[in-house]
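Note that our numbering has the sequence shown beginning at 5, numbered continuously upward.
Virtual Cβ for every residue (Gly too), placed ideally from N, Cα, C.
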Amino acid sequence: MKVNMKQISEITGVSTATVSNALNYKKGVNADTAARVLKAAQELGYFDENRITKMKFVTFKRSGSIVEDTPFFPLMLAGIEKECRENGMDMVMRGLDIRASDYEEQVRDLLSDKSSAIIMLGTEILAEDAGLLGRITNPFVVIDYWNGEMSFNSIQINNEDSVKCAIRYLVRKGHTQIGYLRGDFRITPFKTRGAGYRSGMREANLPIRKEYTLTVGSRMDSAYSEMKMHLERGVKLPTAFVADNDMIALGAMKAMTESGIRIPEDVSIIGFDDLPFAAVASTPLTTLYVPKEEMGRIVARRLIEVIKGDTVTTKIYVSTTFVERDSVKSLI
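Dropping the structure here:
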């Protein structure tokens, strides 16, 4: 028998009017009360999962500096679309922009649509934004974000081990002075890549020198301009850098080249992502390849399992592949 609002009211101890307002995400309901009502409704089966007809790909934006102007995410979307098509589902796209004046309205519209399962692109989610995830009652999977919370399914790149792999490669090439090109917007993937840098250096018994960690912008143009400022100040450079991603690596390479620093003769660089233009840069970039389309398929397959009733919460790591090109010099 279908669960109704009166039953939810009796179980939670709040009025049917409050239950109705909470289920429809209307303003004026205490956040803790709303969360209790939504949790009870979900556990009682109030939301009919059989009504789910589509996947909604939601891009969370805090600054846009990571998720905009990069070919990474369109390639991943292609994998999600193919998997949806093969399973008879539609895919729609939505944005959540925390900078927008109607952000809360965007959230309410998203949460009130019970016909969609949600894929949340969480690349730009910070710790203070994560409460949003606890409000989602639809089946959902988060990409590129994890905070130790065990209540939601997550698919992410194996960032830490990948950067350790890059450090090991540089050590095999004879490098002992290895720096880190650090994106200024400290998203969770960048933080774990930074952890991989530190762990890899410790593993190789190499000192982590503060002057070899350079913070630059997270876009290619800002990485370029801020690397130029570092160089104009006469910063001391290591023999090699690992960068948080290809956009940062390529922007920094451009600044160094314009300043007369040769890549890789003077400084070697390793990127992350293997974006399409990494292979055709003036010095083709050594980098870590992320299987973007297949990652999209994995996300969609996992969400379909959740829709079908899989209640086991999982955290899935997608491994990278090292791609050797021309931006690293052997010192041996």
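7 Å CB neighbourhood of residue i in its chain, flanking five on each side removed
| i | result |
| --- | --- |
| A227 | V220, G221, M251, I252, G255 and A256 |
| A199 | E164 |
| M97 | F61 |
| T291 | D250, I274, G275, F276, D277, D278, A282 and V327 |
| T217 | G183, Y184 and R186 |
| P280 | P75 |
| I308 | N91 |
| V111 | L100 and L136 |
C-alpha gap between residue i and residue j, whole angstroms
| i | j | result |
| --- | --- | --- |
| M233 | I265 | 14 Å |
| P75 | E207 | 33 Å |
| V271 | S155 | 44 Å |
| V7 | K60 | 26 Å |
| L79 | K296 | 6 Å |
| M95 | E215 | 46 Å |
| R202 | V246 | 11 Å |
| E14 | K43 | 14 Å |
| K223 | T16 | The sequence shown places Arg at residue 223, rather than the Lys named in the question. Taking the straight line from one Cα to the other gives about 48 Å. |
| D188 | L48 | 44 Å |
| N157 | S263 | 46 Å |
| G275 | R306 | 29 Å |
| D278 | E87 | 23 Å |
| M92 | E269 | Met is not the amino acid found at residue 92; the sequence shown has Gly there. The straight-line gap from Cα to Cα measures roughly 53 Å. |
| V145 | P211 | 39 Å |
| N209 | I12 | 59 Å |
| K10 | T20 | 6 Å |
| I161 | S105 | 32 Å |
| D101 | I140 | 17 Å |
| A259 | V239 | 13 Å |
| A26 | Y50 | 13 Å |
| T243 | S166 | 20 Å |
| V322 | D225 | 28 Å |
| K168 | G32 | 49 Å |
| A170 | N34 | 49 Å |
| M267 | V332 | Checking the sequence shown, residue 267 turns out to be Ile, not Met. If you take the alpha carbons of I267 and V332, they lie about 8 Å apart. |
| R66 | E109 | 16 Å |
| V41 | Y184 | 47 Å |
| L115 | L136 | 10 Å |
| L335 | T196 | 28 Å |
| T318 | A45 | 23 Å |
| E236 | T315 | 55 Å |
| L174 | E90 | 42 Å |
| H179 | R329 | 17 Å |
| M231 | S69 | 17 Å |
| D113 | I123 | 15 Å |
| Y107 | R190 | 22 Å |
| S229 | M205 | 28 Å |
| N131 | R172 | Contrary to the premise, residue 131 reads as Ala rather than Asn in this sequence. A131 and R172: Cα-Cα distance of roughly 31 Å. |
| I302 | E153 | 21 Å |
| N151 | T37 | 24 Å |
| R213 | V18 | 58 Å |
| K177 | L289 | 16 Å |
| T127 | I147 | 7 Å |
Spatial neighbours of residue i in its chain, beta-carbon cut-off 8 Å, leaving aside the 5 residues before and after
| i | result |
| --- | --- |
| G138 | A39 and S155 |
| D133 | F64, R66 and I102 |
| I84 | M59, F61, M95, I123, G300, R301, V303 and A304 |
According to DSSP, residues forming a beta bridge with residue i
| i | result |
| --- | --- |
| T63 | G99 and L125 |
| L292 | F326 |
| N8 | DSSP lists no partner for N8. |
| D94 | K58 |
| S158 | V146 and K319 |
| S69 | Partner(s): none; S69 has no beta bridge. |
| D165 | Partner(s): none; D165 has no beta bridge. |
| D133 | Paired residues: none, contrary to the question. |
| D277 | Y293 |
| S120 | K58 |
Residues of its chain near residue i, where Cβ-Cβ distance is below 6 Å and the 5 sequence neighbours each way are ignored
| i | result |
| --- | --- |
| T57 | S119 |
| T325 | Y293 |
| N54 | For N54, the predicted structure reports a pLDDT of 45, less than 50, and the residue's modelled location is therefore unreliable. The matter cannot be settled from this model. |
| P143 | A121, V310 and I311 |
| T63 | V71, G99 and L125 |
| L241 | V271 |
| I129 | F64 and Y149 |
| A82 | E297 |
| T192 | Y149 |
| F194 | G187 and D248 |
| V23 | M9, I12, S13 and V41 |
| Q181 | P242 and T243 |
| I320 | I159 |
Stretch-stretch touch, CB-based, cutoff 8 Å, three pairs: the segment 273–292 with the segment 230–250 = Counting C-beta pairs with one atom in each stretch, the segment 273–292 and the segment 230–250 have three or more that are closer than 8 Å, which means they touch.
Could I get the ranges of all uninterrupted alpha helix (DSSP H) runs contained in the segment 167–221, with 4 residues as the minimum, in chain order?
-> Qualifying alpha helix (DSSP H) stretches, in chain order: 192–207.
Residue ranges of each beta strand (DSSP E) run of no fewer than 3 residues wholly in the segment 211–273, ordered along the chain?
-> Taking 3 residues as the minimum length, the beta strand (DSSP E) runs contained wholly in the segment 211–273 are 217–220 and 244–247, in order along the chain.
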